[in-house]
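Number of protein chains: 2
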Amino acid sequence: MVPAIATSTGPVLVIGSGLLGASVGLGLRHLGLDVYVRDSSPTTEAVAQDIGAGRSVRALQAAGEQLPEPELVVVAAPPDVVVELTVQALAEHPRAVVLDIASVKAPILDGVRAAGADLTRYVGTHPMAGREKSGPVAARGELFTSMPWVVCPGPEAGARAISVAKNLAVDLGATLTMMEPQEHDETVALISHVPQVMSSLLASRLQDTPLHHLSLAGQGLRDTTRIAGSDPGLWVQILSANAQPVVRSLHEVRKDLDRLIATLEHPEADGARLDIAQLMAEGNAGQARIPGKHGGAPKAFSTFTVAVDDTPGTIARLLTEIGEIGVNLEDMRLEHSPGQPVGLVTVSVEPNRYADLVDELQARGWKVVQ
Amino acid sequence: MVPAIATSTGPVLVIGSGLLGASVGLGLRHLGLDVYVRDSSPTTEAVAQDIGAGRSVRALQAAGEQLPEPELVVVAAPPDVVVELTVQALAEHPRAVVLDIASVKAPILDGVRAAGADLTRYVGTHPMAGREKSGPVAARGELFTSMPWVVCPGPEAGARAISVAKNLAVDLGATLTMMEPQEHDETVALISHVPQVMSSLLASRLQDTPLHHLSLAGQGLRDTTRIAGSDPGLWVQILSANAQPVVRSLHEVRKDLDRLIATLEHPEADGARLDIAQLMAEGNAGQARIPGKHGGAPKAFSTFTVAVDDTPGTIARLLTEIGEIGVNLEDMRLEHSPGQPVGLVTVSVEPNRYADLVDELQARGWKVVQ
Numbered sequence: 001m002v003p004a005i006a007t008s009t010g011p012v013l014v015i016g017s018g019l020l021g022a023s024v025g026l027g028l029r030h031l032g033l034d035v036y037v038r039d040s041s042p043t044t045e046a047v048a049q050d051i052g053a054g055r056s057v058r059a060l061q062a063a064g065e066q067l068p069e070p071e072l073v074v075v076a077a078p079p080d081v082v083v084e085l086t087v088q089a090l091a092e093h094p095r096a097v098v099l100d101i102a103s104v105k106a107p108i109l110d111g112v113r114a115a116g117a118d119l120t121r122y123v124g125t126h127p128m129a130g131r132e133k134s135g136p137v138a139a140r141g142e143l144f145t146s147m148p149w150v151v152c153p154g155p156e157a158g159a160r161a162i163s164v165a166k167n168l169a170v171d172l173g174a175t176l177t178m179m180e181p182q183e184h185d186e187t188v189a190l191i192s193h194v195p196q197v198m199s200s201l202l203a204s205r206l207q208d209t210p211l212h213h214l215s216l217a218g219q220g221l222r223d224t225t226r227i228a229g230s231d232p233g234l235w236v237q238i239l240s241a242n243a244q245p246v247v248r249s250l251h252e253v254r255k256d257l258d259r260l261i262a263t264l265e266h267p268e269a270d271g272a273r274l275d276i277a278q279l280m281a282e283g284n285a286g287q288a289r290i291p292g293k294h295g296g297a298p299k300a301f302s303t304f305t306v307a308v309d310d311t312p313g314t315i316a317r318l319l320t321e322i323g324e325i326g327v328n329l330e331d332m333r334l335e336h337s338p339g340q341p342v343g344l345v346t347v348s349v350e351p352n353r354y355a356d357l358v359d360e361l362q363a364r365g366w367k368v369v370q
Numbered sequence: 001m002v003p004a005i006a007t008s009t010g011p012v013l014v015i016g017s018g019l020l021g022a023s024v025g026l027g028l029r030h031l032g033l034d035v036y037v038r039d040s041s042p043t044t045e046a047v048a049q050d051i052g053a054g055r056s057v058r059a060l061q062a063a064g065e066q067l068p069e070p071e072l073v074v075v076a077a078p079p080d081v082v083v084e085l086t087v088q089a090l091a092e093h094p095r096a097v098v099l100d101i102a103s104v105k106a107p108i109l110d111g112v113r114a115a116g117a118d119l120t121r122y123v124g125t126h127p128m129a130g131r132e133k134s135g136p137v138a139a140r141g142e143l144f145t146s147m148p149w150v151v152c153p154g155p156e157a158g159a160r161a162i163s164v165a166k167n168l169a170v171d172l173g174a175t176l177t178m179m180e181p182q183e184h185d186e187t188v189a190l191i192s193h194v195p196q197v198m199s200s201l202l203a204s205r206l207q208d209t210p211l212h213h214l215s216l217a218g219q220g221l222r223d224t225t226r227i228a229g230s231d232p233g234l235w236v237q238i239l240s241a242n243a244q245p246v247v248r249s250l251h252e253v254r255k256d257l258d259r260l261i262a263t264l265e266h267p268e269a270d271g272a273r274l275d276i277a278q279l280m281a282e283g284n285a286g287q288a289r290i291p292g293k294h295g296g297a298p299k300a301f302s303t304f305t306v307a308v309d310d311t312p313g314t315i316a317r318l319l320t321e322i323g324e325i326g327v328n329l330e331d332m333r334l335e336h337s338p339g340q341p342v343g344l345v346t347v348s349v350e351p352n353r354y355a356d357l358v359d360e361l362q363a364r365g366w367k368v369v370q
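Keeping their order, the protein sequence lines are chains B and L. Sequence positions in the first sequence follow UniProt numbering and run 1 to 370. Sequence positions in the second sequence follow UniProt numbering and run 1 to 370.
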């Protein structure tokens, strides 16, 4: 397949060569494009070149060569310098389409507009990919594979710029979604920034809990606090940049929290139980709306758990046999088993295959525990 | 292995034969004990007998037989009737040790004490096991395998009662932990009840979110809201019964939430960024204290993701090869891939095996994406 972007774009300059910038560079070089990388840190820029993300602009200039005029500039710098670098790129490269990939969109568009830059050549985008490590060493050309990439053209954006932005997302293997910048920011506030805040608020309660109490923690606590392990430096920038939509949601959370606290202070009062039930049911309703695998409509799968020796060989054999039985796995998870070397593999399958599969696995000697 | 409980206990009466009661019955029958089940619902009691959880007391009496005097009574009824049924069991069976398995302990001990019952023969316990389904049909004798079972004797409990309670937990395959009732309730408030509340509060924000926005949801939202799908009826009872410790924690959450809202309302103010960073770092600190697999000390694993065809066969082959390479899997997860039939398998391993494993998998042609 000839990538669409390769047919329409000459040299590409990637500004900022951390995890995301270097991954964009790697992905575009794989597609055969001529990529150049620039970073405020000379070391980061050199590492990005070393891993094959593109030619270092500093190295180029040290060799007495000129940066070829880019047709596409991707600004992949930290959120707090994106406006400045985007405005600068639009001015320095008057033929280039300039895209940014920061996780907040409306404030950046507003900033670029306020600077009087040429908005016909600018499109904000947000690839929803990442990993726990940062820096160019962690970069992978396949980082965007199957992840959403939201393209958020402002009203001034020209057709060529929009088309280049869409092609970039598709060519790097991402799933393209179009949104207004404001709509994007409200969406990520709700599906990403507020969950991050709630997870951090919850996890911070555990700072002084004795470890032998925490050893009783189940998968529920692990799941609800996993993202609380994220990088504070990055989240300061994201939360500051998207403060308004996040605060609006947090006010709603506080209303519900206040109501619950008032109720639990008098749990025997008339209506208290109904009030708690209502709050829990509202949580049920919200949770049920999150789409399942493959981005389809919300769907309920049947779930069971198999106790296995905790070795990759045994889990592999289990999955092989599920395949032999002819049932497709919708989700699976290896659960932690406090204190014992037994693995609990939780498997989700289509409800209409559930009973047969459990019977067949038990017949084959597997320990289906729940 | 001769189970310790079988050597010390005659007939066992299980009162309440839902998921947990029937699972206790099944597990004890597996150990060769003589088990009788009683439930307020004749149907539930009959189903429990049908699945082999024990002899139905109603069926016994209809056949003109007498219930043999039990040496152990396990009260496995819903939290709101546990005190009444425990007091009644202590009075009706003056030789029996009576245990309950409800998820809150101090209010039950207080209730049984207030009724003037014989506390030397009573011990409250809490097996931390469950599943998404309820009722005796969902019961499994292995439900408690590798799960914590907290035994919380009150100050009046006698040695025989404590010993029977410990043996029950161990014989059913659980991991025994001893705690004071009050300490137990504070612990579960923090590691189970407050996480449930936070997950429900977060998920209820999604009630009116358009589905095409929710289709951008990543694993973070899925993980933080998973337990919001829990049964409201059960949680009303748990939260009402453990209201005080839960409310204490929720007040602390509200303090942090208020602070964050105030900060985000003026994100450009002096000190705002530091304040957000602090809150995030506190979340980091709490999250890092949750013990990892096998209940050991907190431990960081190295994580990478492999893109695979989304079939059980391929995932099985991946795990087989990881086993061949000789690396032990610490955790794994199959991630959802919105819109594309590609599975992303995230694998956690010991940090010192990480680099070798990734190199070897890539050499074997696996697509390590991040």
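Backbone N, C-alpha and C fix where the C-beta goes; we use that ideal spot for every residue, glycine too. Nothing here was measured: the structure is a model prediction, and the numbers come from that model.
Own chain, CB closer than 6 angstroms to residue i, minus 5 neighbours either side, in chain order
i	result
Ala-203 (chain B)	Thr-225 and Ala-228
Val-35 (chain L)	Val-12, Gly-25, Leu-28, Arg-29 and Gly-54
Ser-348 (chain B)	Phe-301, Thr-303, Glu-330 and Asp-331
Ala-117 (chain L)	Val-87 and Leu-90
residue 377 (chain L)	No answer is possible for residue 377 (chain L): the residues shown for chain L start at 1 and end at 370.
Of the listed residues the options, nearest to residue i (C-alpha basis)
i	options	result
Gln-207 (chain B)	L:Ala-138, L:Leu-279, L:Leu-260 and L:His-184	L:Leu-279
Glu-142 (chain L)	L:Pro-153, L:Gly-130 and L:Thr-120	L:Gly-130
Thr-9 (chain L)	L:Ala-96, L:Asn-328 and L:Ala-115	L:Ala-96
Ser-103 (chain B)	B:Leu-85, B:Ser-23 and B:Asp-185	B:Asp-185
Phe-304 (chain L)	L:Leu-361, L:Asp-270, L:Asp-256 and L:Arg-259	L:Leu-361
Thr-125 (chain L)	L:Leu-168, L:Arg-55, L:Gly-135 and L:Leu-13	L:Leu-168
Val-121 (chain L)	L:Gly-111, L:Val-87 and L:Val-150	Rather than Val, the amino acid found at residue 121 (chain L) in this sequence is Arg. Nearest option by C-alpha distance: L:Val-87.
Ala-106 (chain B)	B:His-212, B:Ile-238 and B:Arg-273	B:Ile-238
Leu-119 (chain L)	L:Lys-255, L:Val-369, L:Asp-256 and L:Leu-99	L:Leu-99
Val-75 (chain B)	B:Val-246, B:Asp-270, B:Gly-18 and B:Gln-182	B:Gly-18
Asp-39 (chain B)	B:Ser-56, B:Pro-351 and B:Gly-283	B:Ser-56
Ala-62 (chain B)	B:Leu-216, B:Pro-79, B:Pro-42 and B:Val-308	B:Pro-42
Met-179 (chain B)	B:Pro-153, B:Gly-173 and B:Ala-157	B:Pro-153
Val-369 (chain L)	L:Trp-149, L:Val-345, L:Ala-363 and L:Glu-350	L:Val-345
Thr-350 (chain L)	L:Val-327, L:Trp-366, L:Arg-333 and L:Gly-32	One point to set straight first is that residue 350 (chain L) is Glu, not Thr, in the sequence displayed. Ranking L:Val-327, L:Trp-366, L:Arg-333 and L:Gly-32 by Cα distance to Glu-350 (chain L) puts L:Val-327 first.
Val-37 (chain L)	L:Pro-136, L:Thr-145 and L:Leu-31	L:Pro-136
Gly-111 (chain L)	L:Ala-139, L:Met-128, L:Arg-140 and L:Asp-80	L:Asp-80
Neighbouring residues, chain B, relative to residue i (Cβ below 8 angstroms)
i	result
Met-128 (chain L)	Leu-216 and Gly-218
Contact set between residue i and chain B, taken where Cβ atoms lie within less than 9 angstroms
i	result
Leu-172 (chain L)	Neighbours of Leu-172 (chain L) on chain B: none; closest Cβ ~12 angstroms, over 9 angstroms.
Ser-192 (chain L)	Leu-216, Ala-217, Gly-218, Gly-220 and Leu-221
Ser-134 (chain L)	Per Cβ cutoff of 9 angstroms: no residues; Ser-134 (chain L) is ~12 angstroms from chain B at best.
Thr-224 (chain L)	Pro-195, Gln-196, Met-198, Ser-199, Leu-202, Asp-223, Thr-224, Thr-225, Arg-226 and Ile-227
Chain B contact for residue i (CB, 9 angstroms cutoff)
i	result
His-30 (chain L)	no
Asp-258 (chain L)	yes
Leu-361 (chain L)	no
Arg-140 (chain L)	yes
Ala-272 (chain L)	yes
Cβ-based neighbour list, residue i, same chain, cut-off 8 angstroms, excluding 5 preceding and 5 following
i	result
Ile-325 (chain L)	Asp-356, Leu-357, Glu-360 and Leu-361
Gln-66 (chain B)	Leu-60
Listed by chain order, chain L residues near residue i by CB distance under 9 angstroms
i	result
Asn-284 (chain B)	Ser-200, Ala-203, Ser-204, Ala-228, Gly-229, Ser-230, Asp-231 and Pro-232
Gln-182 (chain B)	Within chain L, no residue comes near Gln-182 (chain B); the closest Cβ sits about 12 angstroms away, beyond 9 angstroms.
Contact with chain L by residue i, beta-carbon distance below 9 angstroms
i	result
Gln-196 (chain B)	yes
Ala-281 (chain B)	yes
Arg-353 (chain B)	no
His-93 (chain B)	no
Chain-ordered chain L contacts of residue i [CB-CB under 8 angstroms]
i	result
Val-247 (chain B)	Ile-261, Leu-264 and Glu-265
Leu-319 (chain B)	Pro-312, Gly-313, Ile-315, Ala-316 and Leu-319
Per-residue contacts from residue i into chain L (C-beta, under 7 angstroms)
i	result
Glu-252 (chain B)	Arg-205
Trp-366 (chain B)	Chain L residues near Trp-366 (chain B): none, gap ~11 angstroms exceeds 7 angstroms.
Residues of its chain near residue i, where Cβ-Cβ distance is below 7 angstroms and the 5 sequence neighbours each way are ignored
i	result
Lys-293 (chain B)	Bear in mind that a pLDDT of 44 at Lys-293 (chain B), under 50, signals an unreliable position, so the model cannot answer this.
Gly-52 (chain L)	Leu-26 and Arg-29
Contact with chain D by residue i, beta-carbon distance below 9 angstroms
i	result
Leu-13 (chain L)	In the structure shown, chain D cannot be found, because the protein chains are B and L.
7 angstroms Cβ cut-off: residues of chain B touching residue i
i	result
Val-104 (chain L)	Residues of chain B passing the Cβ test: none, with the nearest at roughly 11 angstroms.
Handout entry: the region 185-192 of chain L / the region 155-174 of chain L touching (three or more Cβ pairs under 8 angstroms)
Key = no
Practice task
May I ask you to verify whether the region 313-325 of chain L touches the region 316-323 of chain B, counting CB pairs closer than 8 angstroms and requiring at least 3?
Solution key: yes
Problem - the region 262-273 of chain L touching the region 272-286 of chain B, judged by at least three CB pairs closer than 8 angstroms - result: no
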